[in-house]
Amino acid sequence: MANFRARAFTILWLLFLIFPNSDSHPNLDSLHLSLHALRPSPATQISAAEGVLSRILPNHTSSFDLRIISQEECDGKACFIISNAEVKGDTTSHEIQVSGSSGVEILSGLHWYLKYWCGGHISWRKTGGMQLGSVPKPGELPRVDPSGVKVHRVVPWSYYQNVVTVSYSSVWWDWKRWKEEIDWMALQGINLPLAFTGQEAIWQKVFKRFNLTDADLGEFFGGPAFLAWARMGNLHGWGGPLTQEWLDSQLDLQREILSYMHQLGMTPVLPAFSGNVPSSLKRIFPSANISQLGNWNTVSGDERWCCTYLLDPNDELFVEIGKMFIEQQIEEFGDITHIYNCDTFNENEPPTSDPSYIASLGTAVYKAMQAGDHQAVWLMQGWLFSSDSSFWQPPQMQALLHAVPLGKLIILDLFADVKPIWKNSNNFYGVPFIWCMLHNFGGNIEMYGILDTIASEPVEARITPNSSMVGMGMCMEGIEQNPVVYELMAEMAFQSEKIAVEEWIKMYSSRRYGGPNVRAIRAWQRLHKTIYNCQDKIANHNTDIIVKFPDLNASEIVITSVPGHQWYSNEDAIVALDDLLQASKSLENLPTYRYDVADLTRQVLAKISNHLYNKILSAYQNADDKTLKKESSVLLELVADLDNLLASNECFLLGTWLESAKALAVSDELRAKVKYGFNYIVKYWETALIATSGFNWFIQCHF
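All the letters of the sequence shown, read from the start, carry residue numbers -24 to -1, 1 to 679 under mature numbering (1 follows the signal peptide of the UniProt record, and there is no 0).
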């Protein structure tokens, strides 16, 4: 016991020295220690990391010696160390030793070595997948400096996902696909992933203890394709009811997800009670303070689906339900985390702007979490401060943020890549926050990014005086697009200084294609300065005409104020495409290269479609029949060309999603639910819910 206390004191002292700002607050120090205590044994984490290695490099499993080391060996921080393995005669085939303070750090170190010593590249399978052909064969791996390479995590947390990612990207995933994603997370250094799968089965158990029926819950839960918005209280019942088969299978899937995350040393973020309740709860508790919220752009304000119900956090029933929900999760999944996400007013305003009332809401929400887990920490999306900034003025923000003990609330600065809140709120008034890149809306696959911002702004936020930054996050609404953006963002958690993107992009091109290619490098340098250099501060919903319903009234087609968002010269993109095509002789068989060529060609043609549409519209308005016919013919040819192009690459096919959705549906009843939800998202979601752009993603994947 004395040794444990001495080690605990040492760790706390080192944390104080290394993290002198908000993340060294006693509450956060205690959190780090308590979460460390929840991790599985070193042997379990090493075994999980070795499993990842065997999947990405099956011929190199004996080439790497993977080890867990203590925080003290990492100078009190999380870190990884890459060193040359000690070869003792012929008794070992290990060449490189990768040590880390957790399974995630080990795999971060492995990825670092593969990138910077072997020229390897790892991205989502649907964006070209891995390029590991450049890794030398066993026995010939490059040696590192004799003194080894130690890389520290510059902030404690690397967060991943958005509460709507499930509906735009992962709703139809099975365990095989989830395991692949968690492998990717670990290699990218993700140690704080959102884990929301299967929560409806937990809610079913909780609400039935309050005498709600299956029929009551059928009107409450959204269908499989709409779970994200039902969970947020934006709608209810739409696409439902959920079948028991779905509820049970998703709960089983969540058990596998959480177990594997835990084995790797990750800290999953579980859901907490936000106050969103079935309308039937009013019948059972008539005196409870339950109010009906307004319409969230849904289904013409039809109350069968819109205008959800919120239990006031100050009602004593709130704490009772919140406590039971946390406890039920612990019973189902074990004691694996103390961090919970809750967004009570995500795109829904509180009934009053009175700071004292808002403070009482914050206190009550946290109290409900703490009642179920006395070490609970509330992780809250800061999207409300951006999307509804007119309501969330400094008095309201401070009232909410300071209602929770310092260190027991962490804010996701969700849109920090474009609209950082930390800069205008004095570092969230001292409350710990995670600098997040939102980047993607609605799962659209438009090529877009702000690489220079990503390479510099997180560093600025971290080193600014009195910084309360404790992590970096990737909070995209949809994944499997723009892999260059996500590789750079993930890497920033291990970069103590700003990155010179001009040099980084050269190495990225070489890694992506297995070696340096002059034309490919030149193409990526141009893309860095154009497509991946958007500085107009506009939220990038894909607004290209090619993915819209046809209409002669432009205002009926464009859902934002940015028709055909164009922040760069398409002529420059065409030059980059030409360079990329000129590199085809040596690269044409690489999946990464083939994906990039198809993606950039798609992007170029999509922007040309905007130009053609404007010419068609002008000809129609001027009764210029000749020009109208000519340009209409060109546009139709472009659509056909685009269709043929993207049909040539499975990464862009709608069929991959369709097959994964069908595979989850075993019974006829569930198959009908899946088909309805899938078709509705594909065909109508954008017109029913103006705020989203998921339609763009699906249409472009099909075209």
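A virtual CB, placed ideally from N, CA and C, is assigned to each residue, including glycine. Fair warning: this is a prediction, and the values are worked out from it, not measured in the lab.
Legend entry - Coarse secondary structure for valine 446, derived from DSSP in three states: Taking the first residue of the sequence shown as position 1, residue 446 is located at position 470. Residue state, collapsed to three classes: strand.
Legend entry - For tyrosine 316: DSSP bridge partner residues: Position 340 of the sequence shown holds residue 316. BP columns for tyrosine 316 point to Leu246, Trp354.
Inset, instruction - Would you mind giving the Cβ-Cβ distance between methionine 423 and isoleucine 387, rounded to the nearest angstrom? I have them listed as a contact below 8 Å. - result: On the sequence shown, position 447 is the one that residue 423 refers to. On the sequence shown, position 411 is the one that residue 387 refers to. Not confirmed; about 30 Å, so no contact.
Inset, instruction - Identify the continuous alpha helix (DSSP H) that holds histidine 128 and give its terminal residues. - result: Translated into positions along the sequence shown, residue 128 becomes position 152. Careful: histidine 128 lies outside any alpha helix (DSSP H), inside the beta strand (DSSP E) at 125 to 128.
Inset, instruction - Return helix, strand or coil for aspartate 428, following the three-state DSSP convention. - result: The sequence position of residue 428 within the sequence shown is 452, counting from 1. In the structure shown, aspartate 428 sits in a helix (DSSP, three-state: H, G or I).
Inset, instruction - Buried or exposed for aspartate 349, please, with buried defined as at least 16 other CB atoms from any protein chain shown within 10 angstroms of its CB. - result: Counting from 1 along the sequence shown, the entry for residue 349 is found at position 373. Aspartate 349 should be labelled buried.
Legend entry - Candidates Ser250, Tyr236, Ala177, of which the one nearest threonine 219 by Cα: Numbered from its first residue, the sequence shown carries residue 219 at position 243. Looking at the Cα atoms, Ala177 is the closest of the given residues.
Inset, instruction - Go ahead and label asparagine 317 buried or exposed: buried means 16 or more other beta carbons lie within 10 angstroms of its beta carbon, across all protein chains shown. - result: Indexing the sequence shown from 1 puts residue 317 at position 341. So asparagine 317 counts as buried.
Inset, instruction - Return the CA-CA distance between leucine 170 and tyrosine 405, expressed in angstroms with no decimal places. - result: As a working note, residue 170 is residue 194 in the sequence shown. As a working note, residue 405 is residue 429 in the sequence shown. Roughly 25 Å separates the two Cα atoms.
Inset, instruction - Using only alpha-carbon positions, find the residue among Gln239, Ser143, His36 that is nearest to lysine 113. - result: The residue you call residue 113 lines up with position 137 of the sequence shown. Nearest of Gln239, Ser143, His36 to lysine 113, Cα basis: His36.
Inset, instruction - Count the other C-beta atoms from every protein chain shown that fall within 10 angstroms of the C-beta of arginine 495, then say buried if there are 16 or more, exposed otherwise. - result: Start at 1 with the first residue of the sequence shown, and residue 495 comes out as number 519. Within 10 angstroms of the beta-carbon of arginine 495 lie 16 or more other beta-carbons, which makes it buried.
Legend entry - Nearest neighbour of glutamine 501, chosen from Ala549, Lys399, Glu473, Thr603 [CA to CA]: Residue 501 sits at position 525 when you count from the first residue of the sequence shown. Answer by Cα proximity: Ala549.
Legend entry - Outcome for alanine 639 when other beta-carbon atoms lying within 10 angstroms are tallied against a minimum of 16: Taking the sequence shown and counting its residues from 1, the one referred to as residue 639 is at position 663. Exposed is the call here.
Inset, instruction - Could you have a look at cysteine 55 and say whether DSSP puts it in helix, strand or coil? - result: Locating residue 55 in the sequence shown gives position 79, where the first residue counts as 1. Of the three classes helix, strand and coil, the one that applies to cysteine 55 here is strand, per DSSP.
Inset, instruction - Tell me whether the beta-carbon of leucine 576 lies closer than 8 Å to the beta-carbon of alanine 552. - result: Within the sequence shown, residue 576 is the residue found at index 600, counting from 1. Within the sequence shown, residue 552 is the residue found at index 576, counting from 1. Yes, the Cβ-Cβ distance between leucine 576 and alanine 552 is below 8 Å.
Legend entry - Candidates Asn509, Lys384, Val245: closest to glycine 425 by CA position: The residue labelled residue 425 in the question sits at position 449 within the sequence shown. Just measuring C-alpha positions, the residue of Asn509, Lys384, Val245 sitting nearest glycine 425 is Asn509.
Legend entry - Nearest neighbour of glutamine 107, chosen from His97, Glu308, Asn322 [CA to CA]: Counted from its first residue, the sequence shown places residue 107 at position 131. Of His97, Glu308, Asn322, the residue nearest in Cα terms is His97.
Legend entry - Start-to-end residues for the alpha helix (DSSP H) that takes in glutamine 73: Within the sequence shown, the letter at position 97 stands for residue 73. That residue, glutamine 73, is in no alpha helix (DSSP H); its beta strand (DSSP E) goes 72 to 76.
Legend entry - DSSP three-state assignment for leucine 168, whether helix, strand or coil: For the purposes of this step, residue 168 is taken as residue 192 along the sequence shown, with counting starting at 1. Looking at leucine 168 - three-state DSSP - the assignment turns out to be strand.
Legend entry - Short Cβ contact (8 Å threshold) for glycine 418 with glycine 454: If you number the sequence shown from 1, residue 418 lands on position 442. If you number the sequence shown from 1, residue 454 lands on position 478. Taking C-beta atoms as the reference points, glycine 418 and glycine 454 count as a pair closer than 8 Å.
Legend entry - Beta-carbon proximity list for valine 131, same chain, < 7 Å, skipping 5 on both sides: Indexing the sequence shown from 1 puts residue 131 at position 155. Counting only Cβ-Cβ distances below 7 Å, and skipping sequence neighbours, we find Arg438, Met445, Val446, Gly447, Met448, Ala469.
Inset, instruction - Keeping to the same chain, check which residues put their C-beta closer than 6 Å to that of glycine 65; ignore five residues upstream and five downstream. - result: Indexing the sequence shown from 1 puts residue 65 at position 89. Confidence in glycine 65 is poor, its pLDDT being 49 and thus under 50, which makes the residue's placement unreliable; the coordinate value appears in the next sentence. Contacts found: none.
Inset, instruction - With DSSP as the reference, please indicate the residues paired to arginine 43 in a beta bridge. - result: Stepping through the sequence shown from its first residue, residue 43 is reached at position 67. Ser75, per the DSSP bridge assignment.
Legend entry - Secondary structure of alanine 639, DSSP reduced to three states: The sequence position of residue 639 within the sequence shown is 663, counting from 1. Of the three classes helix, strand and coil, the one that applies to alanine 639 here is helix, per DSSP.
Legend entry - Limits of the alpha helix (DSSP H) - the one that phenylalanine 294 falls within: The residue you call residue 294 lines up with position 318 of the sequence shown. 292 to 309 is the span of the alpha helix (DSSP H), which, as asked, contains phenylalanine 294.
Legend entry - aspartate 520 beta carbon less than 8 Å from that of glycine 540: Taking the first residue of the sequence shown as position 1, residue 540 is located at position 564. Taking the first residue of the sequence shown as position 1, residue 520 is located at position 544. For glycine 540 and aspartate 520, yes; Cβs fall inside 8 Å.
Inset, instruction - Go through its chain and collect everything with a Cβ distance to serine 145's Cβ below 7 Å, but skip five positions before and after it. - result: Translated into positions along the sequence shown, residue 145 becomes position 169. Gly419, Gly454, Ile455, Glu456, listed in sequence order.
Legend entry - Rounded straight-line distance, which links the Cα of leucine 7 to that of asparagine -4: Here residue -4 refers to the residue found at position 21 of the sequence shown. Here residue 7 refers to the residue found at position 31 of the sequence shown. Confidence is the limiting factor: at asparagine -4 the pLDDT is only 48, short of 50, which leaves the residue's position unreliable and the question unanswerable from this model.
Inset, instruction - Determine the DSSP secondary structure at phenylalanine -16, reduced to helix, strand or coil. - result: Indexing the sequence shown from 1 puts residue -16 at position 9. Annotation note: pLDDT 36 at phenylalanine -16 (below 50); position unreliable, coordinate value reported separately. In this structure, phenylalanine -16 counts as helix in the three-state DSSP scheme.
Inset, instruction - Could you name the residues of the same chain whose beta carbon sits closer than 7 Å to that of methionine 161, not counting the 5 residues immediately before and after it, in chain order? - result: The residue given as residue 161 occupies position 185 in the sequence shown. Hits under 7 Å: Tyr136, Pro169.
Legend entry - For serine 39 and serine 585, the rounded distance between their alpha carbons: As a first step, residue 585 is located in the sequence shown; it is residue number 609 there, counting from the start. As a first step, residue 39 is located in the sequence shown; it is residue number 63 there, counting from the start. About 51 Å.
Legend entry - Residue environment, tryptophan 151, which counts as buried when at least 16 other CB atoms sit within 10 Å: Within the sequence shown, numbered from 1, the residue matching residue 151 stands at position 175. When all chains shown are included, tryptophan 151 counts as exposed.
Legend entry - Same chain, Cβ closer than 7 Å to valine 74, neighbours up to 5 away in sequence not counted: Here residue 74 refers to the residue found at position 98 of the sequence shown. For valine 74, where only same-chain residues beyond five positions count, the Cβ hits under 7 Å are Phe40, Leu42, Phe56, Ile58, Ile82, Gly85, Leu86, Tyr89.
Legend entry - CB-CB length for methionine 452 against threonine 141, believed under 8 Å: As a first step, residue 452 is located in the sequence shown; it is residue number 476 there, counting from the start. As a first step, residue 141 is located in the sequence shown; it is residue number 165 there, counting from the start. The beta-carbon separation of methionine 452 and threonine 141, rounded to 7 Å, stays under the 8 Å limit for a contact.
Legend entry - lysine 53 versus methionine 450: straight-line alpha-carbon distance, rounded: By 1-based counting over the sequence shown, the position of residue 53 is 77. By 1-based counting over the sequence shown, the position of residue 450 is 474. Taking the straight line from one Cα to the other gives about 21 Å.
Legend entry - Alpha-carbon to alpha-carbon, serine 562 and glycine 338: If you number the sequence shown from 1, residue 338 lands on position 362. If you number the sequence shown from 1, residue 562 lands on position 586. About 58 Å.
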